[in-house]
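Undergrad: So for the sequence shown, the numbering used here puts the first residue at 35; every next one is plus one.
Here a beta-carbon is modelled for each residue, glycine too, at the ideal position from N, C-alpha and C.
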Amino acid sequence: MKRPAIGRAAIALAGATLLSATLLSATALSATALSASPAAAQHQAARLAVPACATRQLTVWLGVPGSGAAGTIFYELQFSNTSHATCSLEGYPRIWAFRNGHRVGPVSIHDTMFTPTALTLRPGATVHAVLGIVEAGNVCGSPVTADALQVYPPGTKRAALVGFSFEACPSQSVLHVRVVRRGVGIPGFSQ
Numbered sequence: 035m036k037r038p039a040i041g042r043a044a045i046a047l048a049g050a051t052l053l054s055a056t057l058l059s060a061t062a063l064s065a066t067a068l069s070a071s072p073a074a075a076q077h078q079a080a081r082l083a084v085p086a087c088a089t090r091q092l093t094v095w096l097g098v099p100g101s102g103a104a105g106t107i108f109y110e111l112q113f114s115n116t117s118h119a120t121c122s123l124e125g126y127p128r129i130w131a132f133r134n135g136h137r138v139g140p141v142s143i144h145d146t147m148f149t150p151t152a153l154t155l156r157p158g159a160t161v162h163a164v165l166g167i168v169e170a171g172n173v174c175g176s177p178v179t180a181d182a183l184q185v186y187p188p189g190t191k192r193a194a195l196v197g198f199s200f201e202a203c204p205s206q207s208v209l210h211v212r213v214v215r216r217g218v219g220i221p222g223f224s225q
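1. Ala163 and Val211 - do their beta-carbons sit closer together than 7 Å?
2. Give the straight-line distance between the Cα atoms of Cys203 and Ile167, rounded to the nearest whole angstrom.
3. May I have the straight-line CA-CA distance separating Ala103 from Tyr109, to the nearest angstrom?
4. What whole-angstrom Cβ distance do Val227 and Pro221 have, given they're in contact under 8 Å?
5. Does any CB atom of chain C fall closer than 7 Å to the CB of Ile167?
6. When burial is assigned at 16 or more other CB atoms within 10 Å of the CB, is Gln112 buried or exposed?
7. I need the straight-line Cα distance from Arg128 to Val141, nearest angstrom please.
8. Output the boundary residues of the beta strand (DSSP E) element that contains His118.
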């Protein structure tokens, strides 16, 4: 029995059909994977739509009194959106002890208790980060008195100064900070 001759056009058509079917299957699988997590997709889209907060949009302040545990006093470092535009914050603030207009010691150490998430701040909204200040006498032999905190909100290049007196170490950081979290921090209660 003789097989019919298959022309080049027929082979090309068969190959194109197979390729199309493969691409359609891959597209369907991708669409299924993307639709499996609509909340994640919405979160990503919302995050991209809201610009990051600039320091000039924020009032940075410290919730007092602090609460102590094992040689560390914890404070609620607050970030309030005092502008007229919605903005977002995500991650860790960078904080230095400040004395007479100069930094004292290295930058704050990240406490990785929580995973950073994007937080949207409408005008008037506040978020917080827990700031732990270790008793300087437990860290270094010659502490100095700082007169402020130099705070860079997450993702910013300009600092805010928060007047606050505490003991700091010139060679080691006594500052430990967690990621910004939703809502106003309540001293002695918030994490």
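TA: On the basis of the supplied data:
1. Reading the sequence shown from its first residue, position 177 is the one you call residue 211. Reading the sequence shown from its first residue, position 129 is the one you call residue 163. Yes.
2. Locating residue 203 in the sequence shown gives position 169, counting from the first residue. Locating residue 167 in the sequence shown gives position 133, counting from the first residue. Those two C-alpha atoms are separated by around 11 Å.
3. Residue 103 sits at position 69 when you count from the first residue of the sequence shown. Residue 109 sits at position 75 when you count from the first residue of the sequence shown. Distance between the alpha carbons of Ala103 and Tyr109 is about 12 Å.
4. There is no way to answer for residue 227, as the model of the chain reaches only from 35 to 225.
5. The structure shown has no chain C; it contains just one protein chain.
6. As a position in the sequence shown, residue 112 is number 78, starting the count at 1. Buried.
7. Residue 128 sits at position 94 when you count from the first residue of the sequence shown. Residue 141 sits at position 107 when you count from the first residue of the sequence shown. Rounded to whole angstroms, Arg128 to Val141 spans 6 Å at the Cα level.
8. As a working mapping, residue 118 is identified with position 84 in the sequence shown. Premise fails: His118 is in no beta strand (DSSP E) and is neither H nor E.
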